[in-house]
Every structure is written in structure tokens, then in C-alpha cells.
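Undergrad: Structure below; questions to follow.
Residue numbers (the working numbering): 237 to 468.
Next up, the structure:
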């Protein structure tokens, strides 16, 4: 009896340990974001990262869409699509106004990808269009090209032009070029008036101010006290 009791306790402790440890892998397998571009697979060099980050900024400025990209060499879930949805939940992308998540995963022999839309893009056709548009590049392991092509497909996938937001901004604030065009004639006119005043009221010989005197004919005469210059 004393030998049976410790054995039962050991089994109970083992079961409780398995229950307590089971959720840990589920939490550890979701990578944490490294900004908007999380290149855990190290598929981009420095110039590639700069290029993709510039495109991410372009997507936000032109369309108001936040783009997140994850490249990984590991996926402990059933599929890339399952990983993409788990990442979107873990990163809190559903709280964004409009966001797109591109997940690229390297398997044993080939790459796979999935696109998830959150916020205003949740349930729209945009993620599917983007996912289909880069499928051939991903299948041929051209991962950096697939990222760049992803942004090239955005205007058609969203059915809008990247100039929409800049046009709204231009209506609120006049461009600096329009202000410069308006100032050019004013500057030219002011310079002409200044030159006319200098020519009329300053002595061409010594540069002093001329004084106006009345002549015998009744017309005004301008003379210089310093060098005796005179002009009617």
C-alpha cells in the first residue's frame, strides 16, 4: 500500500506537469515583431531591408495601409495560413484601421506564403489578390522580388491610386511651388520700381541723392550738390 501511493502521486504530478507545460510551445512559436519588417529568415541584405522599409512607408503615405512582413524559417503550426492568422492575433493587427500581413515561410524544399487583412481590410478581396499575385515568385524562391511585387500590386488590389491621400493633403495646404510662382512677379515688380527710383533720384556720377529745382521753362531740374550734375 505504501509502495502504491507514491506511484499514484508520481503519475498525478506527471499529468499536472504536462497540462502546465502544454501551452508554452504555443506561446513560444509565435515570433515577436521587429518593427514592420521582421526578417527572421535573413533573406534580405541591408539594401534590401531599406528598400522594403521604404515601400512600407510608401504604402502608408499613399494608401493609409500599414503593411507588416514576416519571413521565417520555422513554422510549428499546421500551415502558413494558420501561422499568419496567429501572428495577426499576437501582434494586435486587428486593432489597426487597415493593415496587411505578409508571411513567408521556408520549408524543407520550398517557400510558402499567406496574406491576411485586418481592420478595414478584414474580409475583403485584397489579401487574396495579393497572395495570388506573388504566388509564382514565391514558388521560384524569389523572396525579395515577391516582397517588392507585393507593393506593386497594391493599387490594383485596393482599387485606388496612391495619389488619393496626397491630393487631399494638397487641398489643405498649398504647395510651396505655387507660392514661389506667385512671388516671382512681385519680386520682379519691386526690383523694377527700385531701379527706377535709383535712376531718377540718385546721381549717376557720385551716387548721392539729387535735389529738384525749378527751371526757367517751368520744368523740374534735378541737380547734385556734390558734382554739379544736372538733369531735366
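Ideal Cβ positions, reconstructed from N, Cα and C, are used throughout, including at glycine.
CB-CB under 7 Å to residue 267, same chain, minus the five flanking residues each way: which ones, in chain order?
TA: Here residue 267 corresponds to residue number 31 of the chain shown, with the count starting at 1. Counting only Cβ-Cβ distances below 7 Å, and skipping sequence neighbours, we find 274, 276, 306, 308.
Undergrad: To the nearest whole angstrom, what separates the beta carbons of residue 390 and residue 295, a pair I think is in contact under 8 Å?
TA: If you number the chain shown from 1, residue 390 lands on position 154. If you number the chain shown from 1, residue 295 lands on position 59. Their Cβ separation, rounded to whole angstroms, is 6 Å, which keeps residue 390 and residue 295 in contact under 8 Å.
Undergrad: Can you find the residues in the same chain that come closer than 8 Å, C-beta to C-beta, to residue 442, ignoring five residues on each side of it along the sequence?
TA: Counting from one through the chain shown, the residue named residue 442 turns up at place 206. Residues 460, 462, 463, 465 of the same chain have their beta carbon placed closer than 8 Å to that of residue 442, with the five preceding and five following residues left out of the count.
Undergrad: If you follow the beta strand (DSSP E) that residue 302 is part of, which residue opens it and which one closes it?
TA: Start at 1 with the first residue of the chain shown, and residue 302 comes out as number 66. Run containing residue 302: 302-308, per the beta strand (DSSP E) assignment.
Undergrad: Count the other CB atoms within 10 Å of the CB of residue 408; is the residue buried (16 or more) or exposed (fewer)?
TA: Indexing the chain shown from 1 puts residue 408 at position 172. Confidence at residue 408 is low in this model, with a pLDDT of 47, below 50, so the placement of that residue should be treated as unreliable; the coordinate-derived value is given next. The residue in question, residue 408, is exposed, as its Cβ has fewer than 16 Cβ neighbours within 10 Å.
Undergrad: Just the Cα atoms here: how many angstroms apart are residue 312 and residue 347?
TA: In the chain shown, the residue the question calls residue 312 occupies position 76. In the chain shown, the residue the question calls residue 347 occupies position 111. Each residue's Cα considered, the two are about 15 Å apart.
Undergrad: Name, in chain order, the residues that DSSP records as bridge partners for residue 334.
TA: In the chain shown, the residue the question calls residue 334 occupies position 98. Answer is 355.
Undergrad: How many angstroms separate the CA atom of residue 314 from the CA atom of residue 322?
TA: Residue mapping note: residue 314 aligns to position 78 of the chain shown, counting from 1. Residue mapping note: residue 322 aligns to position 86 of the chain shown, counting from 1. Using only the alpha carbons, I get a separation of about 11 Å.
Undergrad: State the Cα-Cα distance for the pair residue 382 and residue 292, rounded to the nearest angstrom.
TA: Here residue 382 refers to the residue found at position 146 when the chain shown is read from its first residue. Here residue 292 refers to the residue found at position 56 when the chain shown is read from its first residue. Cα to Cα, the separation comes out at about 14 Å.
Undergrad: From the DSSP output, in three-state form, read off residue 381 for me.
TA: Reading the chain shown from its first residue, position 145 is the one you call residue 381. Residue 381 falls in the helix class under three-state DSSP.
Undergrad: Can you list, in chain order, the stretches of the beta strand (DSSP E) that have 3 or more residues and sit fully within the stretch 271-305?
TA: 273-275
Undergrad: From this set, 332, 326, 317, which residue's C-alpha is nearest residue 338's C-alpha?
TA: Here residue 338 refers to the residue found at position 102 when the chain shown is read from its first residue. For residue 338, the nearest C-alpha among the options comes from 317.
Undergrad: Are the CB atoms of residue 332 and residue 354 nearer to each other than 8 Å?
TA: Start at 1 with the first residue of the chain shown, and residue 332 comes out as number 96. Start at 1 with the first residue of the chain shown, and residue 354 comes out as number 118. Closer than 8 Å, so yes.
Undergrad: Between the Cα of residue 325 and the Cα atoms of 342, 431, 352, 345, which residue gives the shortest distance?
TA: The sequence position of residue 325 within the chain shown is 89, counting from 1. Ranking the options by Cα distance to residue 325, first place goes to 352.
Undergrad: Is the beta carbon of residue 458 less than 8 Å from the beta carbon of residue 444?
TA: Taking the first residue of the chain shown as position 1, residue 458 is located at position 222. Taking the first residue of the chain shown as position 1, residue 444 is located at position 208. Contact flag unset, no.
Undergrad: Using the three-state DSSP reduction, which class does residue 365 fall into: helix, strand or coil?
TA: In the chain shown, residue 365 corresponds to position 129, counting from 1. Of the three classes helix, strand and coil, the one that applies to residue 365 here is helix, per DSSP.
Undergrad: So, with DSSP's three-state summary, where would you put residue 347?
TA: As a first step, residue 347 must be located in the chain shown, where it is residue number 111. If DSSP states are grouped into helix, strand and coil, residue 347 belongs with the strands.
Undergrad: Of the choices 300, 269, 380, whose alpha-carbon is the least far from that of residue 396?
TA: On the chain shown, residue 396 is found 160 positions in, with the first residue counted as 1. Considering only alpha carbons, the answer is 300.
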